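So the number in my numbering is just where the residue sits in the sequence shown, counting from 1, plus 292. Glycine included, every Cβ here is placed at the ideal spot set by N, Cα and C. The structure displayed is predicted, hence computed values, not measured ones.
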Amino acid sequence: MGKKPKRKASYTRVITLLFSSLIGSMFLAGLLITAPVLLHFFWYKKNPTEKRRYVLNNIEAWLFWAAANLIISWWLAFITDLVPVIFLTLISIGWGHISEGVKGSVELFNGIKNTIKPIFYAASMWVSWVIIFEGIFKLYNDGSPDVSKAAYTQRIYQVIRFLFFLVLVVGVQRMISQSIAQTFHRTAYKERLDAVSEILHVVETLRDYKPVKSHNKKPSGTRTGIFFSKVPPRPGSRPNSQSVSPAIGSKDDGHMADSENEGLSKGKGKRRSAALIHNPGGDPKDPSVSMASTHNYPPTSRSGANTPTRRRDSHDADDAGAAAVVTQAAKVLKTAVLHDARNLKGKDGADKVLVWDVTNSAEAKRLARLIYLTFRQGRKMYLLPQDFHPAFATPEEAEKAFRVFDKDNNGDVSRREIKTVLLKVYKERRFLSRSMRDVGAALKTLDRILLFFALVILFFISLSVFGVEVGSSLSSVYSIGIAASFIFKSTASSAFDAIMFLFVTHPFDTGDRCFIGEENLVVKKMGLFATVFTRADGTETYYFNSQLFNMFITNARRSAKTFENLSMRVAWKTPMKRLDALETCVNEWLQTEEHRWFEPSTNIMFQHIHYQRHLELTIGIGHNGNWQDWGLRLARKTAFHAAVQYFCRQLGIVAAESPIPLVYADRDTQMWENLDFVPSDIDDGSSAINMQQQQPPASSRSPTMPWAPAHPSGLAPGHTSKEKVSWLGFEPPTNQPSALRARRAKSKKVVMRSQMGDG
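If you want it as structure tokens, here you go:
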């Protein structure tokens, strides 16, 4: 989330330095060794009795053992940290390419290496204790523990063996838990984390970019070398008479020069020192002395007096190279001796966190406005890929960053699109944090279950370590185990189903909108055995994961761009040209609407003809996103319905049931009783739209749609009113040219395939 950790107290940092680094471990080991040395010379030498020798041997054995383990444990941890580096280096030298599978294995090892290190510590503790107490000081006899010189060492040896198996069993259990957690996070969150990290990286780059202001005055000083760029003159100096030929420069030199000018203006001391280096013994205030004067083009011949200067320069270069080597070696040595091999500071992976100070939607909107105004060229209402080029090293990186905001791939980005992306990534980051927190709680529950089984295994190991005979009591233990299996059978089955549901199937995360049966729910909190959902009315619902295991779940967040239909009925006598005009108007609006809420094309499809009473048709609503944001989905749907209603009124498309004729006939003669009303004269429903079908006066017709009549409000479909209106999120088009580019429409085949679910 980009939150800075709290600063620790000074004494805590000192203690951490002593136990984490090599130099601190050596200092502590020296202190431990100093005590028995002083006792040997100032206490034992004065009166070398057998009792004092026994006490001194015990003190020396324990303190030497502690000092040795301090140094050995640091080197074991350091070697463990070096293993992946050496492994990747050898693969890179041998094959030249590191596959993603190898990278994943190294990443898994880096995640569990802090769990492997205590196992090595416990093993070295056991081995070093045997070497010191049995091999050097002869305080323990492994062959006959009962006759050991120090009787207490027999029980201590059993305790050390038990500690080793304790660390081994718990460490293996932790490695299994961490492997499950890491594999689960890589599978469940990798794509989301990569997407959020990519967007945050692009946003930080765009936010930190400072455009260089162009100046009308050309700088008089010049500088030559590898790159030919202009350098502003020193304040108070005369213009340099030498200049670079125009053929050497390029169009991009202006930007390079501005960047360099900005850097030089901030470091006057550097220019002063550079002038002194290039002009030994000269006056630094001399106007002729400058960085530009040291490089001349074309080169001129000089006298032989340059030879000592060249030799002096070569010696200075050699001295500078040697100093750089020594400095680099010192940095490497400092890094090695201060390396936190035991990871007591907890900085693993801390440098990879992107810091983003946007913590609410208002700040996201302000940041979107800042990016838009910074990169907008002129009075354009959109951004193009080339507008991002100054902020990135290569055009490829700029175009890749541009595609982060251009979700509809139409080649431009509006301010609303930038705001939508920033708001979306803000919500996504917040949901990711909550989801990983909830999954972390579930993983802790799973870790406790695995720890229980690990402790059961450790219990039987400890009986063997301490020499307890359990052969006669195993039958009782087996009976208890069989009884427990019957008692906890259903609970174990539910726990297994919940684990499979949450960590294997994993159909949702915290914050996801899901459709379960007829319910529209949002995941509020996930647990190992139950999940809390929130309905649209604010009520909370609890579902057991074992129940959800057998239900159909639709996840809106994980869905791609979604689609729905608008169903409507029109009069039977509606001309086909008006329906075609309706489709044209809707498509033109979709291609120019500012929100970019929809796909740029749609079509009208007939569904039913009900006995020539009316026509039933559908219009596809192609959402430019999914239904995770339910409020936004309703806003898009409302705007689309408002647009269709607006264009239907403009085109005179109405819905009217065809009238059913009722006439009377003579049963005998089969003649109509009212001869003035014959079937051919029956009203077919056209009277309901008769007034709408009449041709309007030329003054009230739309210049873009001459078939359309005037709107009741006096505005034609392409009205010329400069006042911007919005009805339910729909902004009617005007005859004024749009500030946004029209998006490229899709072919009918592509639209039909997408609306039929074929991608």
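{"Query": "Paired residues, beta bridge with Y835 - DSSP", "Result": "T823"}
{"Query": "CB contact flag (L1067, L724, <8 Å)", "Result": "Look at the range of the chain in this structure, 293 to 1051, and you will see that residue 1067 is not part of it."}
{"Query": "Three or more C-beta pairs below 8 Å linking the segment 833–846 and the segment 912–920", "Result": "no"}
{"Query": "DSSP bridge partner residues for H906 (one or two, in chain order)", "Result": "A863"}
{"Query": "Of the listed residues R850, V462 and T802, nearest to Q411 (C-alpha basis)", "Result": "Sequence check: residue 411 is Ile here, not Gln. When only C-alpha atoms are compared, the closest one is V462."}
{"Query": "Residues bridged to R277 (per DSSP)", "Result": "No answer is possible for residue 277: it lies beyond the span of the chain, which begins at 293 and ends at 1051."}
{"Query": "V696 classed as buried or exposed, judged by whether at least 16 other C-beta atoms fall within 10 angstroms", "Result": "buried"}
{"Query": "Element boundaries [alpha helix (DSSP H), containing I845]", "Result": "Not the alpha helix (DSSP H): I845 falls in the beta strand (DSSP E), residues I845 to N847."}
{"Query": "Alpha helix (DSSP H) segment containing I315, residue limits", "Result": "L314 to L331"}
{"Query": "Same chain, Cβ closer than 8 Å to T304, five either side skipped, listed in chain order", "Result": "none"}
{"Query": "R447 versus A790 - alpha carbon distance", "Result": "44 Å"}
{"Query": "Sub-8 Å separation of D632 and S312 beta-carbons", "Result": "yes"}
{"Query": "Where N349 falls, given that 16 or more other Cβ within 10 Å makes a residue buried", "Result": "buried"}
{"Query": "Proximal residues to V757 (C-beta, below 8 Å), its chain only, five neighbours per side dropped", "Result": "Q450, R453, F454 and F457"}
{"Query": "Q470: first and last residue of the uninterrupted alpha helix (DSSP H) it sits in", "Result": "T445 to D500"}
{"Query": "Residue environment, M417, which counts as buried when at least 16 other CB atoms sit within 10 Å", "Result": "buried"}
{"Query": "Local conformation of I710 per DSSP, three classes", "Result": "helix"}
{"Query": "Best match in H900, I325, V377 and F898 for proximity to A360 [C-alpha to C-alpha]", "Result": "I325"}
{"Query": "Validate contact between the segment 430–448 and the segment 365–373 using beta carbons, cut 8 Å, 3 pairs", "Result": "no"}
{"Query": "Backbone secondary structure at L630 - three-state DSSP", "Result": "coil"}
{"Query": "Residue range of the unbroken beta strand (DSSP E) whose run includes F898", "Result": "I896 to I901"}
{"Query": "Range covered by the alpha helix (DSSP H) that runs through T884", "Result": "M868 to T884"}
{"Query": "Residues of its chain near S786, where Cβ-Cβ distance is below 6 Å and the 5 sequence neighbours each way are ignored", "Result": "S838"}
{"Query": "Outcome for W889 when other beta-carbon atoms lying within 10 angstroms are tallied against a minimum of 16", "Result": "buried"}
{"Query": "Proximity to N635 [Cα-Cα], best of L924, I404, T884 and Q942", "Result": "I404"}
{"Query": "Residue nearest to D804 in terms of C-alpha spacing, selected from K337, F745, T823 and T783", "Result": "T823"}
{"Query": "Meets three-Cβ-pair contact criterion under 8 Å: the segment 427–440 and the segment 351–358", "Result": "yes"}
{"Query": "C-beta atoms of P376 and F401 nearer than 8 Å", "Result": "yes"}
{"Query": "E352 to W367 span [Cα, whole Å]", "Result": "22 Å"}
{"Query": "When N812, S754 and L738 are compared against Q470, the one with the closest alpha-carbon", "Result": "L738"}
{"Query": "Alpha-carbon spacing of S761 relative to F744, whole angstroms", "Result": "Note that residue 761 is Glu in the sequence shown, not Ser. If I take the Cα positions, the gap works out to 23 Å."}
{"Query": "Cα-Cα separation between Y481 and E399, rounded to whole angstroms", "Result": "15 Å"}
{"Query": "Best match in A693, P340 and V459 for proximity to H493 [C-alpha to C-alpha]", "Result": "A693"}
{"Query": "Bounding residues of the alpha helix (DSSP H) (the contiguous stretch that carries I364)", "Result": "E342 to G386"}
{"Query": "Residue interval of the alpha helix (DSSP H) (run including Y664)", "Result": "S653 to F667"}
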